[in-house]
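What follows is one structure encoded as structure tokens, with my remarks underneath.
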Amino acid sequence: MTTNQNASRPFDLLSDSIGKPVLVELKGGFSFRGVLKAFDVHMNIVMENAESWENGSPKTKYGKIILRGDNILLISP
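Residue numbers (my numbering): 10 to 86.
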């Protein structure tokens with residue numbers, strides 16, 4: 010990766026996304042949307058108002074959830 014003054018480190022981008030809606034895609038084709046509340050160095054994340062999504066539509070509302078970092082493929086702010 011090249012150095013770019015405008016590029017953020019991954020943890021900086023996640024820190025800037027706390028309190029904002031994010032999309033999280035997991036292994037196995039699962040995806041969740043909700044408000045990012047916290048994360049750790051293992052990329053485990055806590056979300057509030059979380060919903061699972063399937064085929065572009067909300068499926069199940071969970072409220073507050075913890076997603077294990079090992080299962081996360083991407084986080085989109």
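In this text, a Cβ means the ideal position worked out from N, Cα and C, and glycines have one as well. Predicted model only: the values in this text are computed from it and were never measured.
Candidates the options, of which the one nearest residue i by Cα
{"i": "Pro30", "options": "Pro19, Met52, Glu57, Arg18", "result": "Glu57"}
{"i": "Thr69", "options": "Ser17, Glu34, Leu23, Ser40", "result": "Ser40"}
{"i": "Lys73", "options": "Glu34, Gly37, Asp25, Gly43", "result": "Gly43"}
{"i": "Trp62", "options": "Leu82, Gly38, Arg18", "result": "Gly38"}
{"i": "Leu82", "options": "Glu60, Ser24, Ile54", "result": "Ile54"}
Local conformation of residue i per DSSP, three classes
{"i": "Thr12", "result": "In this prediction, Thr12 has a pLDDT of 47, which is less than 50 and means its spatial position is unreliable; what the coordinates show is noted afterwards. Thr12: coil per DSSP, three-state reduction."}
{"i": "Gly78", "result": "helix"}
{"i": "Asn37", "result": "Note that residue 37 is Gly in the sequence shown, not Asn. The answer is helix: DSSP assigns Gly37 an H, G or I state."}
{"i": "Pro19", "result": "helix"}
{"i": "Thr69", "result": "strand"}
Chain-order list of residues whose beta-carbon lies under 7 Å from that of residue i (same chain, five-residue window excluded)
{"i": "Tyr22", "result": "Checking the displayed sequence, the identity of residue 22 turns out to be Leu instead of Tyr. Same-chain partners within the cutoff: Pro86."}
Residues that residue i bridges to, as DSSP identifies them
{"i": "Gly43", "result": "Val31"}
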